[in-house]
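Per my numbering: the sequence shown = residues 356 to 693.
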Amino acid sequence: MNKSLKDAFGNSCKIGAAVNRYLLEQKEAVDIIRRHFNSITPENSMKFGPIHPKEDQFNWEESDFIADFARENNIEMRGHVMVWHNQNPPWLFLEGNESASKSILFKRLEDHIASVTKRYGDIVASWDVLNEAIDVDNGDENGFRLSDWYKICGKEVYEFAFKRMREACPKVKLVYNDYNNESGPKMDASIRFLSGLLDAGIPVDRVGIQGHWYYNFPDEKTLRNAIERYSSLGLEIELTEVDISVYQWSEAREKAQFFSTAPEDRKEQQSQRYREIFAAACEYPCVKNITTWGIADNYTWLDNFPVKERKNWPLLFDEQYREKPVVADIISAAEKNS
Ligand code: GLA
């Protein structure tokens with residue numbers, strides 16, 4: 356049998372997939388994970404709302420299931436996510452009917468971090484401490500998203516989260532994760548933010564470039580430039596949520612295209628994007644993890660985003676869980692390099 360993705364990359368770069376309980380109950384999905392992946396990210400279950408729905412109640416069930424699968428199969432986990440503007444429980448930002456105070460919110464975050472890291476600190480190798488804090492279009496003058504976290508606490512709460520995480524799980528790599536941060540004004544704002552954190556001695560180890568990309572974006576130069584800029588700050592890099600849409604962003608917004616199968620030329624360009632992404636991991640030792648947001652095209656959030664009920668084929672395995680040809684290309688390129 357040919358080598359697998361994880362064997363081709365060895366320890367230098369972990370190969371991951373986002374999973375949920377449903378996927379881990381599909382034999383075909385589990386076979387692929389065991390063969391090709393050595394990292395998994397819970398798609399939703401470790402987010403604040405799902406895992407901590409009431410102040411005095413945690414819902415560990417799905418995350419425990421995923422963590423046990425990882426432990427049993429000698430696979431590491433990516434923790435996802437501590438501080439984010441989305442999928443939060445209603446109680447978090449309230450004190451009675453009023454907005455919670457800054458001190459209460461810090462305390463709640465501290466307690467949440469303590470509980471969640473205690474349960475999964477053994478199996479999580481890197482953790483998205485902060486997700487999507489930058490919004491250059493609708494944020495404040497410094498480019499910060501006007502999230503509830505930020506409106507109540509300012510950016511101090513981001514620094515606090517990294518510091519508490521370092522104390523709670525000193526061996527875990529701490530990640531700032533975002534989308535669209537591989538180019539343009541958002542990359543500039545991210546670099547400013549991260550440099551500021553590092554200058555202030557805040558423990559950030561890695562930047563997560565989500566990688567919800569398109570068959571025609573990013574080109575190789577853009578990707579390499581992003582890796583070089585972030586690594587020049589001394590950060591390691593993870594590509595945390597990769598999927599390559601067969602639509603363009605403009606088609607997505609205008610709903611101009613609905614394919615019933617992926618067009619051949621776009622499939623080829625998608626393969627090229629995947630080859631370039633994995634080649635970057637071979638070339639740059641600072642790239643420590645590449646995770647796809649799902650496993651196979653039969654289950655992808657892009658079937659409902661940004662257009663509801665529009666089929667997409669963004670992953671490395673097809674709707675029947677068969678390897679796409681690009682997987683063999685990636686493996687043989689990595690082997691030549693090793
Ligand atoms: C963001 C989040 C992920 C997920 C995707 C959409 O990228 O980080 O957890 O919710 O959006 O599926």
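Virtual Cβ for every residue (Gly too), placed ideally from N, Cα, C.
To the nearest angstrom, how far is it from the Cα of D419 to the Cα of N375? 11 angstroms
What number of angstroms, rounded off, separates the C-alpha of Q694 from the C-alpha of K402? Within the shown structure, residues of the chain are numbered from 356 to 693, placing residue 694 beyond reach of any answer.
Going along the chain, which residues of its own chain have a beta-carbon closer than 7 angstroms to the beta-carbon of L670, five neighbours each way excluded? D598, T647, G649, I650, A651, D652, T655
Looking only at its chain, what residues have a beta carbon closer than 8 angstroms to the beta carbon of R584, apart from the 5 residues adjacent to it on each side? M542, I546
With 16 other Cβ atoms within 10 Å as the buried cut-off, status of D492: exposed
Using 8 angstroms as the Cβ pair cut-off and three pairs as the minimum, do the segment 545 to 560 and the segment 445 to 463 touch? no
In or out: K576 buried (at least 16 other Cβ within 10 Å) or exposed? exposed
Taking a contact to mean a Cβ-Cβ separation below 8 angstroms, would you say C637 touches A683 in this structure? no
Any chance the CB of N536 is under 7 angstroms from a heavy atom of the ligand GLA? no
Given 8 angstroms, three or more beta-carbon pairs between the segment 388 to 398 and the segment 365 to 373: yes
How about V438 and A516: do their beta carbons lie closer than 8 angstroms? yes
With a threshold of 8 angstroms on Cβ separation, who are the neighbours of W568 within its own chain once the five nearest residues in sequence on each side are excluded? V597, D598, I599, S600, R628
DSSP puts V681 in a beta bridge; with which residues? Bridge partners of V681: none, in fact.
Three-state secondary structure (DSSP) of T472: helix
Neighbour-count burial assignment, R561, 16 or more Cβ in a 10 Å radius: buried
Measure the beta-carbon distance from K409 to W446 and round it to whole angstroms, keeping in mind my assumption that it falls under 8 angstroms. 6 angstroms
Compute every distance between the C-beta of H435 and the non-hydrogen atoms of the ligand GLA, then say whether any falls below 7 angstroms. yes
Specify whether the segment 489 to 503 and the segment 428 to 435 touch according to this definition: at least 3 beta carbon pairs, one from each stretch, less than 8 angstroms apart. no
Whole-number beta carbon distance between I632 and L578, since they are thought to touch under 8 angstroms: 7 angstroms
Does any C-beta atom of chain C lie closer than 8 angstroms to the C-beta of H391? Here there is only one protein chain, and chain C is not present.
Is G566 near T595, with beta carbons less than 8 angstroms apart? yes
Could you check the C-alpha separation between H391 and S400 for me, to the nearest Å? 23 angstroms
Span separating the alpha-carbon of I592 from that of N580: 13 angstroms
Below 8 angstroms CB to CB, which residues in the same chain sit around I406 once its five sequence neighbours on both sides are set aside? S400, F413, N414, W415, S418, V471
Would the beta-carbon of N532 fall within 8 angstroms of that of G509? no
I need the straight-line Cα distance from F364 to I478, nearest angstrom please. 20 angstroms
According to DSSP, is E638 part of a helix, a strand, or is it coil? helix
Going by DSSP, what residues sit across from D483 in a beta bridge? H435, V530
Do S367 and P640 have their C-beta atoms closer together than 8 angstroms? yes
Compute the minimum distance between the beta carbon of N692 and the heavy atoms of the ligand GLA, and state whether it is under 7 angstroms. no
Could you tell me whether the Cβ atoms of V512 and V484 are closer together than 8 angstroms? no
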